[in-house]
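There are 2 protein chains.
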Amino acid sequence: MKIICCIRATALSLVSLLTVSQASGQSIGVPVPPLGEGPWVFDTAEQHKVRVSAIARGLSHPWAIAFLPNNNILVTERPGRLRLIQDGVLDPRPISGTPNVRTDGNGGLMDVAIHPDFLENGLVYLTYTKPVENGWGAPALAFGRLIDGALIDVRDLVVTEAYEGNSGLNGRVAFGSDGNVYMSTGGRVGEVAQDPMSLRGKVLRIEDDGSMPADNPFLNRLNYRPEIYTLGHRNTLGLMLHPETGEIWQHENGPNGGDEINILLPGGNYGWPIVSFGRFYSGERVNDNPTREGLESPLLVWLPAIAASGFAVYTGDKFPAWKGNVFVGSLRMGGIPGTGHLQRIVFNERTEEMRRELILTELKQRIREVREGPEGFLYLLTDEESDGALLKIEPVL
Amino acid sequence: MKIICCIRATALSLVSLLTVSQASGQSIGVPVPPLGEGPWVFDTAEQHKVRVSAIARGLSHPWAIAFLPNNNILVTERPGRLRLIQDGVLDPRPISGTPNVRTDGNGGLMDVAIHPDFLENGLVYLTYTKPVENGWGAPALAFGRLIDGALIDVRDLVVTEAYEGNSGLNGRVAFGSDGNVYMSTGGRVGEVAQDPMSLRGKVLRIEDDGSMPADNPFLNRLNYRPEIYTLGHRNTLGLMLHPETGEIWQHENGPNGGDEINILLPGGNYGWPIVSFGRFYSGERVNDNPTREGLESPLLVWLPAIAASGFAVYTGDKFPAWKGNVFVGSLRMGGIPGTGHLQRIVFNERTEEMRRELILTELKQRIREVREGPEGFLYLLTDEESDGALLKIEPVL
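Chains as they are written, first to last, in the numbering used here: chain A, 99 to 495; chain B, 99 to 495.
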């Protein structure tokens, strides 16, 4: 991993200008001041004033949050650390025993989920990029038991294929209401998302010990990997059990445009790279018709892209006006750095989209993760190299 | 017209809360402070710091801008006034002689364009809602000569059909490189946009005196109005001659989602209400497949909607990084009041979308219009009831 350190060490770097290379040589991106001390108060459309505060700082590319039954919080850091926030304080020592990861600007240690029976078995599930030969990385799922601040008995449940480069290494993991484990695998590698013998570009479904559920949609199908639950996904950065409906909701990043939310149907093909509402980075459309018979159309599409990451349905009582709303983090919007935010989506009782609100645009942070905490507050992670933060959103009463 | 006056008269109203009614009874909208004195400086992605200042205030729903050869500026106000900004100062007296308009929260006096030979003939073209019997309004196009601060010899060139209610009354007008006049008509009335005997939901093309151009696409077609240039439009709030390509560019508002930009082809059918990327306000999709053989697909789509209004291509030298970029105003985004802004779209040399930037989000204004001035600055109008402003954007050097 390339370390970009010390960007706050000089006066000049108080404001860092995000840039990406482009043909014109013109730098892109608004000046993004470092995240201040906070707390911040923002006006929102229906819940009105909310307070945002940082409850942990100094994280390196924090990626995912899981709440433990005792209200302590697990946070992954992409370079390969699993961190514990105990009674609101970040433990300076990472949890030992996590798998070795490969990270090169993408992939690494990613999602974390705890077993529904965690109180009895202590099981923690982690998605990560497993280093393999040639320096390549394979998206993988491991689990282990968290006991006395250490992860033990760690072993892999799924190891997918490795390809050259750092594309499509992402993976989310979530438990279904059926007790099975759902794992997404990045499919931004050629046509693998449509290849039924590849585990990439899929959502996989296994039992909590890695065995095959008897009702998997392709279990006895010739030339299909039995783990496959759905196929045709590009880069899934949101995967969750919808707490009210029991459905598995997924969202994925299109290339230039065409990020989408899907409600997963067993055996469904979500179309990448055959159809997409987006464009390739060159500007060319992926295809003229973004829908096709036999391929599942998205529930919701973003044009332009928001680089969606993180997913939650609000079920608590702290924000009455947000009950049932869907929250999605955004790393950046429309291809412009410095435009990350939290997005709130209101659906009607038929799960049809009514409106979308952009929140926390003023912070200009890349929002990697959003979760509802056990007390009904919302928690976010900012995807920073050296000062990633765990943010908490509370109502202003 | 219902006048909402005096919202600044009390201390309480220093911050006015935009609200719309909805089923839940929860008010929607962020608190929107009135536009301050300015000027404001904003960071933007490629042009970096820009300064925005108000050069005229106190306008009522200003709708459109036209620059005169002497650099004076015409601004329409929806309630029916044509205003003149002379040497940077708003003339307190409206220009006399404008047609009577019908306005009821939508429609009224709208777009203004000057004849390419204005210096010789003084001709000014105005779109407006013509009051007809029953209190209904018909979208219409009038022209007259602007002489000594008065419009004279005013007559109608086009009067379209009136329907009950205040939907689809909007209309833009632009001159083509062929010297013909292009006029858009709102089509948010049943199926009129597809009816070739209706002038609504169309872009019409006439000569500068109202006669029919010999090469109009449906000139000799049975049961087609000869004025029709393109059909299948919902509510067109952007219509312009692309200054570099000579094409007519148009944008229209989808309902809930699906605002779109089109490059108009003679005789083209742009699909409303057969196809759309958007949803009805109830939440239901307009249709499952947003594209269809025989119907033109949009060049660019917004999901969620931005309530696009106003259109410009930047051709000047004052903002080198914006050369060739397309600018679109937004009245509000995603159905949330208080979210209007200016949008900048970068296309590559094949007119394929590369990225989109949201500018001036901090002002929380409804941006109704955007134009490039003769000196290469950008000019905007904010759609306010009693303090609409003409804003000017300049680079900070």
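Glycine residues also receive a C-beta, built at the ideal position from the N, C-alpha and C atoms.
Only 395, 399, 400, 401 and 402 from the segment 395-410 of chain B bring a Cβ to less than 7 Å from some Cβ of chain A.
Leaving aside the five residues that flank residue 230 of chain B on each side, the residues in its chain whose CB is nearer than 6 Å to its CB run, in chain order, 236 and 260. Taking a cut-off of 8 Å for Cβ pairs, the segment 140-154 of chain B and the segment 458-466 of chain B touch, as three or more such pairs fall below it.
Under the three-state reduction of DSSP output, residue 486 of chain B falls in the strand class. Contact annotation for residue 128 of chain B against chain A: 141, 142 and 143 [CB-CB distance below 7 Å, chain order]. Counting only Cβ-Cβ distances below 7 Å, residue 446 of chain A has contacts in chain B at 381, in chain order. Residue 163 of chain A is positioned such that its CB atom lies closer than 8 Å to that of residue 469 of chain A. Residues of chain B whose Cβ lies closer than 8 Å to the Cβ of residue 432 of chain A are, in chain order, 453, 454, 455 and 456. Residue A:327 holds the alpha-carbon nearest to the alpha-carbon of residue 366 of chain A among A:294, A:245 and A:327.
Closest option to residue 398 of chain B, judged by alpha-carbon separation, among B:293, B:262, B:361 and B:343: B:361. With fewer than 16 neighbouring CB atoms inside 10 Å of its own CB, residue 248 of chain B falls in the exposed class. In the structure shown, the three-state DSSP call for residue 216 of chain B is helix. By the Cβ test, the segment 442-452 of chain A is not in contact with the segment 479-491 of chain A, since fewer than three Cβ pairs between them sit closer than 8 Å. Put simply, of A:296, A:279 and A:277 the residue whose alpha carbon is nearest the alpha carbon of residue 286 of chain A is A:296. Annotation: the continuous beta strand (DSSP E) that includes residue 351 of chain A extends over 346-351.
The DSSP-derived three-state label of residue 233 of chain B is helix.
Here the segment 374-388 of chain A does not lie against the segment 304-322 of chain A, with fewer than 3 beta-carbon pairs under 8 Å apart. Counting along the chain, the unbroken beta strand (DSSP E) around residue 439 of chain B starts and ends at 439-445. For residue 352 of chain A, the closest alpha carbon among the candidates A:334, A:421, A:472 and A:343 is that of A:334.
In the DSSP assignment, the residues bridged to residue 152 of chain A are A:489. Contact with chain B is found for residue 386 of chain A, since one of that chain's Cβ atoms lies less than 8 Å from the residue's Cβ. Between residue 151 of chain B and residue 416 of chain B, the C-beta gap is not smaller than 8 Å, which leaves the two residues out of contact. Taken in chain order, the whole beta strand (DSSP E) runs of length 3 or more contained in the segment 370-422 of chain A are 398-400 and 406-411.
The DSSP assignment places no complete alpha helix (DSSP H) segment of no fewer than 4 residues inside the segment 299-349 of chain A. Judged by DSSP in its simplified three-state form, residue 291 of chain A adopts helix. In the three-state scheme derived from DSSP, where H, G and I count as helix and E and B as strand, residue 459 of chain B is classed as helix.
Taking the beta carbon of residue 450 of chain B as reference, the chain A residues within 8 Å of it are 377, 380, 381, 382 and 383, listed in sequence order.
Ranked by how close their Cα comes to the Cα of residue 396 of chain B, the residues B:350, B:436 and B:154 have B:350 in first place. Short of 7 Å from the beta carbon of residue 376 of chain B, and not among the five residues preceding or following it, lie these beta carbons of its own chain, in chain order: 352, 353, 354, 355, 356, 384 and 403. Following the DSSP letters along the chain, one finds residue 192 of chain A in no beta strand (DSSP E), marked with neither H nor E. Taking residue 340 of chain A as the centre and dropping the five residues before and after it, the same chain places the C-beta of 347 and 411 closer than 7 Å to its C-beta, in chain order. Straight across, the Cα-Cα distance linking residue 369 of chain A with residue 379 of chain A is about 18 Å. For residue 139 of chain A, the three-state secondary structure derived from DSSP is strand. For chain A, the residues of the segment 459-481 of chain B that bring a beta carbon within less than 9 Å of one of its beta carbons are 459 and 460, in chain order. Residue pairing by DSSP puts residue 357 of chain A in a beta bridge opposite A:400. Contact check for residue 434 of chain B and residue 455 of chain A: beta-carbon distance about 5 Å, within the 8 Å limit, so the pair qualifies.
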